[in-house]
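>
2 protein chains.
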Amino acid sequence: MTNYLLTIRFDGSSYHGWQFQENAISVQQRIMEAAARMFGEMPVVNGCSRTDAGVHANRFCCNFKAPRFYPCENVVAAMNTYLPMDIVILSCEVADDDFHARFSCKGKEYEYVVWNAPVRDPFLHKRAYHYKYPLDAGFLDKQAKDLLGTHDFTCFMAAGSDAKTTVRTITKADVRREGEKVIFTFGADGFLYNMVRIMTGTLLYIAAGKIEPDSIPAIIESKDRLQAGITVPGDGLYLNRIYY
Amino acid sequence: MTNYLLTIRFDGSSYHGWQFQENAISVQQRIMEAAARMFGEMPVVNGCSRTDAGVHANRFCCNFKAPRFYPCENVVAAMNTYLPMDIVILSCEVADDDFHARFSCKGKEYEYVVWNAPVRDPFLHKRAYHYKYPLDAGFLDKQAKDLLGTHDFTCFMAAGSDAKTTVRTITKADVRREGEKVIFTFGADGFLYNMVRIMTGTLLYIAAGKIEPDSIPAIIESKDRLQAGITVPGDGLYLNRIYY
């Protein structure tokens with residue numbers, strides 16, 4: 425058996441997330457169907473992460489084992505012809521037998537994209553969160569630095585999670601402006617359910633004056649979801665990179 | 425009557441161009457419907473240009489006369505709530521009575537966006553032309569300079585045009601790279617039918633070695649459409665700016 429590791433990019437607008445579901449179309453299903461056309465049988469494809477409905481990926485990783493060996497460039501070329509236009513395989517490599525896209529993952533990076541202008545952008549419909557009032561990216565970047573480090577992040581976790589531990593280590597928390605986009609980037613060994621969206625919502629609440637500046641350490645300390653800001657919509661969220 | 429000048433942006437993917445048609449949805453129809461909801465009667469809306477099916481606009485201008493005066497910021501806010509998410513009004517101003525978005529136009533600028541990478545980009549589906557082989561933007565920029573000036577551009581005009589004259593003055597012809605995008609920008613007092621798409625196709629033919637470098641003056645001189653390159657798809661084309 426050959427263990428193929430794929431790096432893919434997808435526009436999640438039309439999908440109910442990565443994970444296979446009975447009554448909705450998922451990215452995983454599309455990848456499994458494309459692999460089945462190439463290999464003659466449908467493999468189990470392991471994703472690096474579940475993603476919520478509408479969430480996008482610049483670089484998402486998945487792996488599957490197949491009975492036949494094809495050169496990686498052939499896997500990319502053939503499977504891309506079988507995939508819909510909103511999913512693409514960027515690259516393929518052969519991984520060790522025991523490699524698993526989810527369990528081998530050492531860290532992840534997400535981006536959250538805010539369109540910060542008085543009117544919406546037609547080219548970012550379902551691809552960014554529209555926030556009308558001017559944001560000071562430099563100020564938010566400084567506020568975000570309070571997220572760095574190893575903490576119990578219960579305050580930034582949505583209900584309904586079955587995480588064994590709520591302790592995570594955040595290694596990157598940056599906010600930058602690119603034209604009318606304000607981009608929030610978070611890197612960590614792992615994220616709790618909706619954590620990136622709640623951290624972004626909390627920073628936007630600080631920008632709006634609904635939460636006091638420099639409150640993040642106290643919010644983390646409180647372990648109280650109600651102290652943090654809203655969960656911003658999935659439309660602006662991009663899985664940006666996976667570390668193995 | 426108040427003469428409103430709107431600057432709009434639209435993702436043209438779902439439209440059969442700007443111009444109203446009986447059996448297809450156009451951007452013009454959507455603007456007229458939104459104006460009708462605001463003003464109680466449907467005005468004639470004049471666009472700065474016809475655009476082909478699937479062509480986009482970063483900044484497109486149109487005007488209409490309505491019996492009632494509203495402050496411009498109210499026109500923007502109200503009409504945007506009536507428009508679909510792929511069309512937005514960026515700004516509104518009150519123009520002189522004799523202003524007409526098309527006849528008052530002194531010049532236009534278009535961009536053509538090429539996605540220059542081995543595999544397609546899911547976020548640019550219907551928004552860029554995918555060209556797989558590496559492009560040298562600096563070389564193409566130099567080639568493009570031969571387009572500048574006042575010439576008879578018959579060689580770059582699609583059949584079926586009823587233009588009175590085929591002489592145009594090109595004031596800008598630039599090619600630049602932004603990451604994996606190669607962007608062609610053309611400014612002129614006006615463009616012939618499909619002219620931007622044929623000029624871009626000709627530059628891509630030079631890149632591919634199908635047309636000799638430094639051939640553009642001879643192609644223009646020939647006045648022969650067959651000497652030029654292909655008409656690239658409308659997906660990559662953006663009306664970028666209008667000069668009044």
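Chains as they are written, first to last, in the numbering used here: chain A, 425 to 668; chain B, 425 to 668.
Idealized CB from N, CA, C, for every residue including glycine.
What you are looking at is a predicted structure, and each value in this text was computed from that prediction instead of being measured.
1. Measure the CB-CB distance between A/Ala460 and A/Cys486 and report whether it falls below 9 Å.
2. Please tell me whether A/His440 has its Cβ less than 9 Å away from any Cβ of chain B.
3. When the Cα of B/Lys605 is compared with those of B/Phe577, B/Ile643 and B/Phe547, which residue comes out closest?
4. Using a 10 Å radius around the Cβ and a threshold of 16 neighbouring Cβ atoms, would you call B/Ser473 buried or exposed?
5. What residues of chain B sit near A/Pro641, judged by a beta carbon separation below 8 Å?
6. If the criterion is Cβ atoms closer than 9 Å, does the pair A/Val543 and B/Leu514 meet it?
7. What residues from the stretch 546-572 of chain B come within 9 Å of chain A, judged by C-beta to C-beta, listed N to C?
8. Would B/Thr589 and B/Arg492 be called neighbours here (beta carbons separated by less than 9 Å)?
9. For B/Asn470, would you say it is in contact with chain A, using Cβ-to-Cβ distances shorter than 9 Å as the test?
10. So, at 7 Å on beta carbons, what are the nonlocal neighbours of A/Lys596 in its own chain, with the 5 sequence-adjacent residues on each side left out?
11. Can you check which of these residues, B/Ala448, B/Val591 and B/Leu628, is closest to B/Ile644 by C-alpha distance?
12. Quick check: what's the CA-CA separation for A/Gln452 versus B/Ala587?
13. Give the secondary structure of A/Val543 by DSSP, where H, G and I count as helix, E and B as strand, and everything else as coil.
14. Leaving aside the five residues before and after B/Gly658 along the sequence, list all residues of the same chain whose C-beta is less than 6 Å from its C-beta, in chain order.
15. For the stretch 438-479 of chain A, list the alpha helix (DSSP H) runs that are entirely contained and at least 4 residues long, ordered along the chain.
16. How big is the Cα-Cα spacing for A/Asp648 and A/Cys579?
17. Going along the chain, which residues of its own chain have a beta-carbon closer than 6 Å to the beta-carbon of B/Arg483, five neighbours each way excluded?
18. Would you mind giving the Cβ-Cβ distance between A/Ala582 and A/Tyr617, rounded to the nearest angstrom? I have them listed as a contact below 8 Å.
19. Would you report the Cα separation of B/Leu571 and B/Asp638, rounded to the nearest angstrom?
20. Who are B/Ile643's beta bridge partners in DSSP?
21. Please confirm whether B/Phe484 has its beta-carbon closer than 9 Å to some beta-carbon of chain A.
22. Under a three-way DSSP split, which group does A/Gly633 fall into?
23. For chain A, check one thing: does any of its Cβ atoms lie closer than 9 Å to the Cβ of B/Asp476?
24. With a floor of 4 residues, list each alpha helix (DSSP H) that falls wholly inside the stretch 482-537 of chain A, ordered by position along the chain.
25. Going by Cα to Cα distance, which pick from B/Tyr557, B/Ser528 and B/Glu446 is closest to B/Tyr667?
26. For A/Gly603, name the three-state secondary structure that DSSP assigns.
27. Could you check what DSSP says for A/Phe580 in three-state terms: helix, strand or coil?
28. So, helix, strand or coil for B/Thr593, using DSSP?
29. Relative to the C-alpha of A/Glu517, which candidate in A/Glu535, A/Lys530 and A/Tyr494 has its C-alpha closest?
30. What did DSSP end up calling A/Asp565 once you bin it into helix, strand or coil?
31. Using the DSSP secondary-structure output, state which residues sit across from B/Tyr428 in a beta bridge.
32. Which class does B/Asp613 belong to by DSSP, given the choice of helix, strand or coil?
33. Does B/Ile622 have its Cβ less than 9 Å from a Cβ in chain A?
Reading off the structure:
1. Between A/Ala460 and A/Cys486, the C-beta gap is not smaller than 9 Å, which leaves the two residues out of contact.
2. no
3. Of the listed residues, the one whose Cα sits closest to B/Lys605 is B/Phe547.
4. buried
5. Within chain B, no residue comes near A/Pro641; the closest Cβ sits about 36 Å away, beyond 8 Å.
6. yes
7. Pro546, Phe547, His549, Lys550 and Arg551
8. no
9. no
10. Same-chain partners within the cutoff: Glu533, Thr609, Phe610 and Gly611.
11. B/Val591
12. 51 Å
13. coil
14. The residues are Asp476, Gly478 and Val479.
15. 451-463
16. 5 Å
17. Thr431 and Arg665
18. 5 Å
19. 11 Å
20. According to DSSP, residue pairing for B/Ile643 in a beta bridge does not occur.
21. no
22. coil
23. No, B/Asp476 does not count as interfacial toward chain A.
24. 496-506
25. Per the Cα distances, B/Ser528.
26. coil
27. helix
28. strand
29. If we check each option's Cα against that of A/Glu517, A/Tyr494 comes out closest.
30. helix
31. B/Phe488 and B/Val518
32. coil
33. Not closer than 9 Å to any Cβ of chain A, the Cβ of B/Ile622 fails to qualify, so no.
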